[in-house]
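Numbering (our numbering), first residue to last: 14 to 204. Okay, structure first, notes after.
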Amino acid sequence: MIEIPSDLHKDLVPLAFLLGNWAGAGVHDFPGSEKCNFGQEVTFSHDGRDFLEYQSRTWVLDNDGNKVRPLESEHGFWRIDAERKVEVTMVRDDGVVEVWYGELADKKPQIDLVTDAVARTAASGPYSGGKRLYGYVKSDLMWVGEKQTPEVELRPYMSAHLKKVVTPEEVERWAKALPDDLPDDGIAFFK
14 MIEIPSDLHK DLVPLAFLLG NWAGAGVHDF PGSEKCNFGQ EVTFSHDGRD
64 FLEYQSRTWV LDNDGNKVRP LESEHGFWRI DAERKVEVTM VRDDGVVEVW
114 YGELADKKPQ IDLVTDAVAR TAASGPYSGG KRLYGYVKSD LMWVGEKQTP
164 EVELRPYMSA HLKKVVTPEE VERWAKALPD DLPDDGIAFF K
């Protein structure tokens, strides 16, 4: 269910499908790095201003799905303009800062992004750019990331399937919003 908070900045309504806490798993595979399954937690939040705040944490999973160690962390800010153009500024724990540009697809909750600028610290590994695709599919958030370095051409390196995390407070709020005159058997509600 896509909910649009009353205090969401009006410019961000097209990005409302991203809001909330998400969790799931994916695959990481890039030459020179460990191929692994990973877990991920993502949060898109807002404070009334004209951007969404983004946080992502990933960790390596063992064959039983247990956390082994951290993989990557990202923090950023997402904006959208009246022409559905999306811009993202992002910093990653490995010493990379990126500016991404893209757009929200017409008539579907899908965002394509490409790096426009990349800055790296001396400690970060080689990286020269990337692409990402985010999509809201059947109430889930899915994404795939592509990456390139001076040695490796642009290629997919991470993808994940995330489910919305629902807190007990959200369930209580939704329950309070239900009409008082729901039928007792539940079946009549759908007739």
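Just so it is clear, CB atoms sit at the ideal spot from N, CA and C, and this is done for glycine as well. Here the structure is a predicted model, which is why all the values come from computation and not from measurement.
{"Asked": "Output the distance between the C-alpha atoms of Gln123 and Lys48, rounded to the nearest integer angstrom.", "Found": "27 Å"}
{"Asked": "Where DSSP assigns a beta bridge to Ala173, which residues make up the other side?", "Found": "Gly39 and Trp156"}
{"Asked": "Which of helix, strand or coil does DSSP assign to Ala201?", "Found": "Note that Ala201 scores 47 on pLDDT, short of 50, meaning its location in the model is unreliable and no value can be drawn from it."}
{"Asked": "Would DSSP call Asp63 helix, strand or coil?", "Found": "coil"}
{"Asked": "Any idea if Leu25 is buried or exposed, counting beta-carbon neighbours within 10 angstroms, 16 or more meaning buried?", "Found": "buried"}
{"Asked": "DSSP three-state call for Glu85: helix, strand or coil?", "Found": "strand"}
{"Asked": "Under 8 Å Cβ to Cβ from Ser141, same chain only, skipping five residues before and after it: list those, please.", "Found": "Val131, Gln161, Thr162 and Pro163"}
{"Asked": "State the DSSP-derived secondary structure class of Lys189, mapped to helix, strand or coil.", "Found": "helix"}
{"Asked": "Tell me where the beta strand (DSSP E) around Asn50 begins and ends.", "Found": "Cys49 to Ser58"}
{"Asked": "Return the bridge partner residues of Tyr140 from the DSSP annotation.", "Found": "Answer is none; Tyr140 lacks a bridge partner."}
{"Asked": "Once you ignore the five residues that flank Asp42 on each side, which residues in its own chain have a CB closer than 7 Å to its CB?", "Found": "Lys48 and Tyr170"}
{"Asked": "Can the beta-carbon of Gly158 be found closer than 8 Å to that of Asp107?", "Found": "no"}
{"Asked": "Tell me whether Gly33 is buried or exposed, calling it buried when 16 or more other Cβ atoms sit within 10 Å of its Cβ.", "Found": "buried"}
{"Asked": "What separation, rounded to the nearest whole angstrom, lies between the Cα atoms of Thr71 and Phe51?", "Found": "6 Å"}
{"Asked": "Give the single residue among Ile17, Ser46, Phe30 and Val112 whose Cα lies nearest to the Cα of Leu175.", "Found": "Phe30"}
{"Asked": "Grab me the residues of Ile17's own chain with a C-beta within less than 8 Å of its C-beta, minus the 5 sequence neighbours each way, in chain order.", "Found": "Val26 and Ala29"}
{"Asked": "Would you mind stating whether Ser46 and Ser69 have Cβ atoms separated by less than 8 Å?", "Found": "no"}
{"Asked": "Taking the C-alpha atoms as reference points, what is the distance between Glu111 and Ser19?", "Found": "31 Å"}
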